[in-house]
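Okay, structure first, notes after.
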Amino acid sequence: MPVSDQAFVTLATNDVYCQGALVLGQSLRDHRATRRLVVLVTPQVSNLLRVVLSRVFDEVIEVNLIDSVDYIHLAFLKRPELGVTLTKLHCWTLTHYSKCVFLDADTLVLSNIDELFNRTEFSAAPDPGWPDCFNSGVFVFQPSLETHGLLLQHATDHGSFDGADQGLLNSFFSSWSTADIQKHLPFIYNLSSNTAYTYSPAFKQFGSSAKVVHFLGSTKPWNYKYSPQTGSVLEEGSGPVNQHQTSFLNLWWGIYHRSILPLYENIRHEDEQTSPGHTAQLGGAGVPCSSSAPTAEGSCANGVLRSGEPCTSWAEGPRQPWPERTLVVVEETPASPDACPAEDGLLSVFRENGNVARHGKANDRRVLIPGTWKCCLIWKRGLCRRD
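First residue of the sequence shown? That's -18 in this note's numbering, and the numbers climb one at a time after it.
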């Protein structure tokens, strides 16, 4: 029976993390979640991605970006992008819900977790790096404007010992480690995807009971290449990853390939039918692209790229046509050494090298991907030409 006053909540601060949010939301639906699905987005998320998110989530709510600007602590963690995760505090403003479960966009639900709503605020699982702290990737909370205000005041007065939301929340809910064991979620509700490598015997014993896997660290599922033919991922430039982590990555990509990619195609068709002669422009869209190895650095057509901001806007008026497909698998071999195909049969959502390849044929169309990932292209047949 659906429960309308409770919700699963996640956050996407840019189009890149929207890909994770989409897979997370779909995994909740696949396992018949009975609560509402809510995604918080910042102004940096493009219009197209908001439309795609609305196909998976019940509510897409824009919130303002909060950045801790705590460069010293973030530099210590070697994760400067984590400052914006303080935006997560906005989840306490969702007061039209009586109770919520927050899940980071880089988590994946493996089975129904509705029982988490039997827990109280603030329930969370131990962090694998320091178990006396909780990991803020999954937690149960009760929306409250008073709590939200106290959290913001605490952030102002004390900052965060790691520069991100986890340090702040652990400081604010400082009694978590000792006050009430009922607020300690079992590790199976926030299983680090690399736990199998760090503690293999425990994973063999308990791993099959995992309900939520968390892709901790800077390398996310969308950073890997995926082969639809084999249904498996390869780590960029270094061959296969460890067996247990690969199984989780394959689950993530299986959902993305089966359920998320078709959403882009459906929206494209709907846009063509409702707006003849004015097709949607994919500027800023976090759609997947074939991998390649371009060498020329480029910039977006409408100005300098900035982190998390779209290269172009999805506005009314004449727009660029959609690419022929949003999912590209290489179908042919380039005719000359000047052309560089993506690796045969492999897909990659985003490239981190910050380079731009140019389309190799007159009828091939490109899509610019924003943010710290610079630009990436989608090709009709996966071909590009080096500059």
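Virtual Cβ for every residue (Gly too), placed ideally from N, Cα, C. Keep in mind it's a predicted model, so treat the numbers as computed, not measured.
**OP:** Could you name the residues of the same chain whose beta carbon sits closer than 7 Å to that of VAL41, not counting the 5 residues immediately before and after it, in chain order?
**Re:** VAL20, VAL22, ARG31, LEU34, SER35
Original post:
Exposed or buried, ALA183, counting other C-beta atoms within 10 Å across all chains shown (16 or more means buried)?
Top reply: exposed
Original post:
Can you pull the DSSP bridge partners for PRO107?
Top reply: PHE115
**OP:** Name the residue from VAL(-16), THR227, PRO243 whose alpha carbon lies nearest to the alpha carbon of ALA173.
**Re:** The displayed chain sequence assigns Ser, not Ala, to residue 173. Here the closest residue by C-alpha is THR227.
Original post:
Leaving out the 5 sequence neighbours to the left and right, which residues in its chain are closer than 8 Å to GLY198 when beta-carbon positions are compared?
Top reply: Contacts found: ASN175.
Original post:
Within the chosen definition, does the region 75 to 83 reach the region 123 to 134 through at least 3 CB pairs nearer than 8 Å?
Top reply: yes
**OP:** Give me the Cα-Cα distance between GLU290 and THR(-6), rounded to the nearest whole angstrom.
**Re:** Low confidence applies to GLU290: its pLDDT is 29, below 50, so where it sits in the model is not reliable, and the reading given next is rough at best. Roughly 10 Å separates the two Cα atoms.
Original post:
Smallest Cα separation from VAL4: which of LYS201, ARG249, THR128?
Top reply: LYS201
Original post:
Run through DSSP, which three-state label would TYR52 get?
Top reply: helix
Original post:
When the Cα of SER208 is compared with those of SER189, PHE196, TRP234, HIS225, which residue comes out closest?
Top reply: TRP234
Subject >> Which listed residue (CYS72, SER190, PRO109) has its alpha carbon closest to that of ILE169 >> reply: SER190
Original post:
Going by beta carbon distance, what residues of the same chain come within less than 7 Å of ASN102, once the five residues before and after it are set aside?
Top reply: As written in the sequence, residue 102 is Glu, which differs from the Asn given in the question. Once the five neighbours on either side are set aside, the close Cβ partners of GLU102 are VAL121, PHE122, GLN123.
Subject >> Inter-residue spacing [alpha-carbon to alpha-carbon] between THR74 and THR211 >> reply: C-alpha of THR74 to C-alpha of THR211: approximately 44 Å in a straight line.
Original post:
Looking at the unbroken alpha helix (DSSP H) that takes in LEU150, where does it start and where does it end?
Top reply: 146 to 153
**OP:** Look at the Cβ atom of LEU67, then the Cβ atom of ASP146, and state whether they are nearer than 8 Å.
**Re:** In contact: LEU67 and ASP146 (Cβ atoms closer than 8 Å).
Original post:
Can you tell me where the alpha helix (DSSP H) with ASP252 in it begins and where it stops?
Top reply: 242 to 255
**OP:** Rounded to whole angstroms, what's the CA-CA distance from PHE154 to PRO112? Just pull it up for me.
**Re:** 15 Å
Subject >> Any alpha helix (DSSP H) of 4 or more consecutive residues that is wholly inside the region 20 to 93 >> reply: If we require 4 residues or more, the alpha helix (DSSP H) runs fully inside the region 20 to 93 come out as 28 to 37, 52 to 58.
**OP:** Rounded to whole angstroms, what's the CA-CA distance from LEU242 to ILE248? Just pull it up for me.
**Re:** Whole-angstrom Cα-Cα distance: 10 Å.
**OP:** Please report the residue range of the alpha helix (DSSP H) in which HIS129 lies.
**Re:** 126 to 139
Original post:
Out of curiosity, what's the CA-to-CA distance linking VAL193 and SER181?
Top reply: When rounded, the distance between both Cα atoms is 18 Å.
**OP:** Compare the beta carbon distance of LEU29 and ALA106 with 8 Å and say whether it is the shorter of the two.
**Re:** No, these two residues do not count as a Cβ contact at 8 Å.
Original post:
How is ALA160 classed by DSSP in three states: helix, strand or coil?
Top reply: coil
Original post:
Is it right to say GLY6 is buried, meaning 16 or more other beta carbons lie within 10 angstroms of its own, or is it exposed?
Top reply: buried
Original post:
Got a sec? Which residues, its chain only, sit under 7 Å from ALA86 by beta carbon, not counting five neighbours each side?
Top reply: THR(-9), LEU(-8), ALA(-7), TYR(-2), GLY1, ALA2, LEU5
Subject >> Same chain only: Cβ atoms within 7 Å of LEU9, ignoring 5 sequence neighbours per side >> reply: Once the five neighbours on either side are set aside, the close Cβ partners of LEU9 are PHE(-11), LEU18, VAL90.
Original post:
With which residues is THR200 paired in a DSSP beta bridge?
Top reply: Beta-bridge pairing links THR200 to no other residue.
Subject >> Closest Cα partner of LYS69 within the set LYS59, LEU46, ARG239, TRP157 >> reply: When C-alpha distances from LYS69 are compared across LYS59, LEU46, ARG239, TRP157, the shortest belongs to LEU46.
Original post:
Taking C-beta to C-beta, are ASN93 and ALA14 nearer than 8 Å?
Top reply: yes
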